[in-house]
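S.K.: I'd like to ask you about the structure that follows.
2 protein chains.
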Amino acid sequence: MARRSVLCHGSRAISLLYGNTLRPLHASLCSASPQPKAGFKPEKVAVVTKTTRYEFEQQRYRYAGVSEEDLKQLLAMKGSSYNGLLERHNIHTSNVEHIVKSLKREGITVQVVKRGEYNEDVVRWADTIISAGGDGTMLLVASKVFSKDKPVVGVNTDPERSEGHLCLPVRYTRAFPEALEKLCRGEFRWLWRQRIRLHLEGTGINPNPVDLHEQQLSLEQHNQAHRFTSMDNLNRTGTLHETFYKPSLLPVRSLNEIFIGESLSSRVKLKSFKPHVNLLLHRASYYEISVDDGPWEKQKSSGLNICTGTGSKAWSYNINKLAEQAVEEVLKIGKSQSGLDIPLNQELIEKVTEEYNKSLVFSPDDSRLFYSVREPIVNRVFSSSRQRGFATKLCVRSRCWDACMVVDGGTSFEFNDGAIATISMSEEDQLRTVVLEN
Amino acid sequence: MARRSVLCHGSRAISLLYGNTLRPLHASLCSASPQPKAGFKPEKVAVVTKTTRYEFEQQRYRYAGVSEEDLKQLLAMKGSSYNGLLERHNIHTSNVEHIVKSLKREGITVQVVKRGEYNEDVVRWADTIISAGGDGTMLLVASKVFSKDKPVVGVNTDPERSEGHLCLPVRYTRAFPEALEKLCRGEFRWLWRQRIRLHLEGTGINPNPVDLHEQQLSLEQHNQAHRFTSMDNLNRTGTLHETFYKPSLLPVRSLNEIFIGESLSSRVKLKSFKPHVNLLLHRASYYEISVDDGPWEKQKSSGLNICTGTGSKAWSYNINKLAEQAVEEVLKIGKSQSGLDIPLNQELIEKVTEEYNKSLVFSPDDSRLFYSVREPIVNRVFSSSRQRGFATKLCVRSRCWDACMVVDGGTSFEFNDGAIATISMSEEDQLRTVVLEN
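Here it is, written out as structure tokens:
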């Protein structure tokens with residue numbers, strides 16, 4: 001699928017540039033040019049940093065008053081390398097310092113914000129947000145940006161370990177001034193990445209809009225409350241009550257994908273109130289799906305993945321891609337079944353595999369959704385028409401015991417039997433990002 | 439892959455028949471035959487029954503003192519049909535009664551045991567166990583049978599809703615006396631299904647053998663204890679302690695598969711002690727794998743599935759099978775890349791798809807393991823040599839944050855960073871089952 005040009009956004013960039021808080025081009029800081037180009041130079045930048053594995057391990061044992069020496073031993077026992085983790089941590093930290101220094105050198109006001117401190121206030125304060133980490137950090141940063149005018153830039157602070165396909169090309173990690181220079185000169189293009197929005201209705205959900213800053217706590221409270229509503233109400237009022245909610249737009253926008261499926265720690269929660277019971281069940285997910293207002297179809301699978309163009313390179317890609325081993329097998333069988341003398345050399349197999357996998361990826365500014373049924377269960381009892389395809393709108397009704405909808409692998413919503421999700425896209429949900437040529 | 443004959447087990451069946459508690463053939467009950475055939479007639483049969491969805495929903499609200507009328511309303515609100523669930527429940531119950539009556543009519547002593555009451559004492563008492571439910575019930579029944587001499591027979595009590603590939607052909611569900619007759623006459627063959635055994639070593643595991651009856655409780659206690667060992671020890675003794683365990687054989691045998699992967703409810707448990715916090719993370723699983731004592735390879739994927747011949751028709755099949763849509767696409771690209779005029783009609787696509795998918799299934803008495811890497815992550819940073827293949831032995835070292843090994847979708851073991859699992863097969867772990875011709 002050929003990438004669509006985003007040049008049409010150029011004029012929009014100019015009008016936005018002069019119509020909002022971004023400072024117009026300063027001729028003194030960049031190469032002089034008689035025509036003002038759509039350059040970009042922010043005044044206030046928030047740099048959101050990831051938590052490294054080293055920091056995570058430290059925090060994990062902090063409450064136990066573990067010393068560095070103890071931590072080293074603990075990690076060694078697990079077969080992890082303390083030195084290795086510390087090295088990656090230092091690389092990340094050093095790259096963050098490089099970014100911060102580069103920004104300050106241009107007279108830009110910088111606020112460095114740890115992942116855990118990042119919230120809507122930070123988003124409001126900054127005119128640009130830089131994600132300093134990997135793709136996970138970019139997803140987190142995006143998750144709190146709801147305006148399609150606020151630019152978000154990703155920098156991969158550990159290129160050797162992180163794929164960073166949402167980040168700038170890796171060469172800019174240690175050459176960030178170059179990136180700033182190009183931005184200033186307009187040698188870049190805006191990429192408005194389409195995102196997914198969710199409506200939920202039915203039972204077993206919490207639709208009340210909550211302040212994003214409070215989301216974690218409120219959702220938890222609401223979910224716990226919901227789980228015991230029946231009992232509470234019975235005790236208090238003598239009547240049973242399960243609330244049926246009308247369609248509500250959820251306060252999230254998905255940059256990569258929505259995944260719908262059974263939680264692993266499924267029925268156990270219902271059987272006992274012991275939080276750490278370790279009997280995890282892999283249950284198939286059972287739901288009904290309607291594509292573009294088409295007929296409802298019952299499906300059983302390992303879950304449903306609905307992605308954006310951005311997400312078509314992420315989990316969706318891994319669900320659908322084929323290994324050379326599989327392609328070779330298909331071609332061999334095709335050869336033997338058709339009786340034709342097809343030369344099945346390694347080169348052909350590689351080419352076919354590559355082209356097949358490439359066809360799974362589409363442009364981030366494409367306004368279509370792409371759905372994939374993960375490991376569809378097709379047998380005497382269940383069937384599935386299409387394993388994957390494009391759509392403008394998807395409706396999914398849960399028939400699950402204890403399922404969830406996971407947004408960008410980071411936030412989830414209960415999605416139990418009776419809940420109906422409507423998944424769609426709207427231009428207002430776009431995320432404004434930057435593409436620098438390599 | 440052609441099915442291997444199990445006729446070689448015939449003589450073994452006879453020696454077992456006369457060497458254990460099974461009663462020898464009674465000429466008076468079956469068609470007379472001059473030669474004693476390897477017939478099979480048990481004296482004490484335990485019938486283990488599944489929990490129907492209807493029973494589950496009832497139990498779910500029982501504590502709230504919900505009446506049938508209330509339950510009906512609750513289900514209706516969720517879009518579920520109370521009548522539908524009750525109908526499936528009645529079908530199952532009626533089929534169980536049919537089985538029990540058929541057994542009693544032959545003078546066999548029957549004990550009907552609900553799923554929750556099934557334990558090692560029941561296994562010891564019975565000379566044969568019948569699973570009355572679906573494949574899930576068969577897996578449960580098998581999970582407590584450790585002797586390769588104890589026959590297990592599965593009957594599918596809801597053929598319209600359940601696949602039952604571990605059960606007798608569906609025609610015997612309402613014609614169980616026929617099945618008993620054939621067993622009696624020796625018109626069947628034994629199928630010793632190979633199972634998987636697990637050794638665990640390293641940190642982050644609980645290797646202590648526990649009474650299966652107590653397993654749920656003990657595992658939980660041990661897991662909770664393990665999670666706080668560091669802190670407890672520090673408080674009590676002033677020293678930090680993480681136990682490194684030597685290789686231990688776990689008290690489980692897998693009939694379908696072992697699945698290794700990250701739990702969904704990952705880091706959240708470590709950050710807070712709130713059991714129902716709903717921030718679920720989908721994390722890729724990171725581990726190292728060595729096939730048949732080969733070189734260690736680092737992999738990142740959605741998990742690793744290691745199955746038996748029996749399991750090759752289950753989850754493994756769904757992981758690896760291809761939809762016609764995908765096969766068609768591969769053949770189309772192969773055609774265009776090779777420049778050959780291959781006639782790609784629907785019939786060819788169907789045939790190729792069918793043959794490809796058939797090649798994923800192998801015989802339950804095959805002593806090999808089959809491993810599949812689920813959604814391998816292949817990028818700048820990670821690579822994977824083979825996505826799947828056969829093996830005699832597999833070693834896996836966890837590099838996961840919070841992963842588990844799930845046995846037959848029903849029991850799990852912590853499998854965190856530093857833990858090493860050795861996965862293999864042994865003849866002594868076989869499960870004795872029955873194959874009746876259709």
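If you read the sequences in order, they're chains A and B. Counting in the numbering used here, the first sequence runs from 1 upward without gaps. Counting in the numbering used here, the second sequence runs from 439 upward without gaps. Backbone N, C-alpha and C define an ideal beta-carbon position, used for all residues, glycine too.
1. Count the other CB atoms within 10 Å of the CB of lysine 41 of chain A; is the residue buried (16 or more) or exposed (fewer)?
2. When you compare the segment 741 to 751 of chain B with the segment 293 to 302 of chain A, are there three or more beta-carbon pairs, one atom per stretch, that lie closer than 8 Å?
3. Suppose you measure from the CA of glutamate 544 of chain B to the CA of glutamate 619 of chain B; what does that come to, to the nearest Å?
4. If you measure from the beta carbon of isoleucine 780 of chain B to each beta carbon in chain A, is any gap under 7 Å?
5. So, does the segment 406 to 415 of chain A touch the segment 118 to 135 of chain A, judging by three or more C-beta pairs under 8 Å?
6. Whose CA, out of B/Arg691, B/Lys588, B/Ala829, B/Ser585, lies closest to the CA of aspartate 731 of chain B?
7. What did DSSP end up calling asparagine 854 of chain B once you bin it into helix, strand or coil?
8. What number of angstroms, rounded off, separates the C-alpha of serine 254 of chain A from the C-alpha of arginine 197 of chain A?
9. Alpha carbon to alpha carbon, what distance is there between aspartate 402 of chain A and lysine 269 of chain A?
10. Suppose contacts are defined by Cβ-Cβ distances below 7 Å. Is serine 569 of chain B in contact with leucine 638 of chain B by that definition?
11. Can you tell me whether DSSP reads proline 615 of chain B as helix, strand or coil?
12. Quick one: what's got a C-beta closer than 7 Å to threonine 611 of chain B's C-beta in the same chain, skipping five residues either side?
13. What is the C-beta distance between serine 316 of chain A and serine 385 of chain A, in whole angstroms, given that I count them as a contact (C-beta under 8 Å)?
14. Which whole-angstrom value describes the C-beta separation of valine 434 of chain A and valine 113 of chain A, a residue pair presumed to lie in contact below a C-beta threshold of 8 Å?
15. How would you call glutamate 535 of chain B, buried or exposed, if buried means at least 16 neighbouring beta carbons within 10 angstroms?
16. Output the distance between the C-alpha atoms of glycine 827 of chain B and serine 750 of chain B, rounded to the nearest integer angstrom.
17. Per DSSP, what kind of secondary structure is histidine 473 of chain A in: helix, strand or coil?
18. Give a yes or no on whether the C-beta atoms belonging to leucine 340 of chain A and isoleucine 771 of chain B are separated by under 7 Å.
19. Which residues in the same chain have their Cβ closer than 7 Å to the Cβ of glycine 84 of chain A, if we skip the five residues on either side of it in sequence?
20. Which word fits aspartate 587 of chain B, buried or exposed, when buried means at least 16 other C-beta atoms lie within 10 angstroms of its C-beta?
21. Just reading off the alpha helix (DSSP H) that tryptophan 296 of chain A is part of, what are its end residues?
22. Which residues of the segment 768 to 795 of chain B have a Cβ closer than 8 Å to any Cβ of chain A? Give them in chain order.
23. Between B/Gly572, B/Arg837, B/Asp803, B/Thr547, which lies nearest to glutamate 481 of chain B when the distance is taken from Cα to Cα?
24. Helix, strand or coil: which one does DSSP assign to glycine 676 of chain B?
25. Valine 816 of chain B to arginine 161 of chain A, Cα distance in whole Å?
26. Distance, Cα to Cα, serine 801 of chain B vs threonine 575 of chain B?
27. Roughly how many angstroms separate the alpha carbons of glutamate 495 of chain B and tyrosine 556 of chain B, rounded to a whole number?
28. Are the C-beta of glutamine 737 of chain B and some C-beta of chain A separated by less than 7 Å?
29. Let me check one thing: in DSSP terms, what residues is methionine 576 of chain B bridge-paired to?
30. Three-state secondary structure (DSSP) at valine 407 of chain A?
31. Identify the residues that DSSP records as bridge partners of phenylalanine 697 of chain B: which are they?
32. Using beta-carbon positions only, say whether glutamate 324 of chain A and arginine 397 of chain A come within less than 7 Å of one another.
33. When you compare the CB of alanine 761 of chain B with every CB in chain A, is at least one pair closer than 7 Å?
34. Under 7 Å Cβ-Cβ, which residues of chain B neighbour isoleucine 319 of chain A?
35. Taking 7 Å as the threshold (beta carbon to beta carbon), is glutamine 111 of chain A in contact with chain B?
36. For asparagine 95 of chain A, return the contacting residues in chain B, with the cut-off set at a CB-CB distance below 8 Å.
M.R.: If we stick to the structure as given:
1. Per the 10 Å Cβ criterion, buried.
2. They do not touch, by the three-pair rule.
3. Rounded to whole angstroms, glutamate 544 of chain B to glutamate 619 of chain B spans 10 Å at the Cα level.
4. At least one chain A Cβ lies under 7 Å of isoleucine 780 of chain B.
5. As far as the Cβ criterion goes, the segment 406 to 415 of chain A does not touch the segment 118 to 135 of chain A, which means the pair count is below three.
6. Here the closest residue by C-alpha is B/Ala829.
7. Coil.
8. Just so you know, the alpha carbons of serine 254 of chain A and arginine 197 of chain A end up roughly 7 Å apart.
9. Note on lysine 269 of chain A: pLDDT 32, under 50, position unreliable in the model; the coordinate value appears next. Put simply, the backbone Cα of lysine 269 of chain A is about 9 Å away from that of aspartate 402 of chain A.
10. Going by C-beta atoms, serine 569 of chain B is not nearer than 7 Å to leucine 638 of chain B.
11. Proline 615 of chain B falls in the helix class under three-state DSSP.
12. Contacts found: Asn533, Val593, Asn594, Thr595, Pro597.
13. Contact doesn't hold; Cβ gap of about 19 Å is too wide.
14. Not confirmed; about 19 Å, so no contact.
15. It is exposed - the Cβ of glutamate 535 of chain B has fewer than 16 other Cβ atoms within 10 Å.
16. About 12 Å.
17. Chain A is shown from 1 up to 438; residue 473 of chain A falls before or after that span and cannot be answered.
18. Contact check for leucine 340 of chain A against isoleucine 771 of chain B fails: the beta carbons are separated by 7 Å or more.
19. None.
20. Of the other Cβ atoms in all chains shown, fewer than 16 fall within 10 Å of the Cβ of aspartate 587 of chain B; this residue is therefore exposed.
21. Boundaries for tryptophan 296 of chain A: no alpha helix (DSSP H) harbours it, and the DSSP string shows neither H nor E there.
22. From the segment 768 to 795 of chain B, only Val768, Leu769, Ile771, Gly772, Gln775, Ser776, Leu778, Ile780, Pro781, Leu786, Lys789, Val790, Glu793, Tyr794 have a Cβ closer than 8 Å to chain A.
23. Among B/Gly572, B/Arg837, B/Asp803, B/Thr547, the Cα nearest to that of glutamate 481 of chain B is on B/Thr547.
24. Its pLDDT being 45, under 50, glycine 676 of chain B is placed unreliably in this model, and the coordinates cannot settle the point.
25. Looking at the two C-alpha atoms, the distance is approximately 13 Å.
26. Spanning the alpha carbons of serine 801 of chain B and threonine 575 of chain B requires a straight line of approximately 21 Å.
27. Roughly 21 Å separates the two Cα atoms.
28. No, its Cβ sits nowhere closer than 7 Å to a Cβ of chain A.
29. Methionine 576 of chain B pairs with nothing; no bridge assigned.
30. In the three-state reduction of the DSSP assignment, valine 407 of chain A falls in the strand class, which pools E and B.
31. According to DSSP, which records beta bridges pairwise, phenylalanine 697 of chain B is partnered with B/Asn743, B/Val844.
32. Against a cut-off of 7 Å, the Cβ pair of arginine 397 of chain A and glutamate 324 of chain A comes out as no contact.
33. Closer than 7 Å: yes.
34. Ordered by position in chain B, the residues that pass the 7 Å Cβ test against isoleucine 319 of chain A are Glu813.
35. The beta-carbon of glutamine 111 of chain A is placed no less than 7 Å from the nearest beta-carbon of chain B.
36. In chain order: nothing, as chain B lies at least about 16 Å away.
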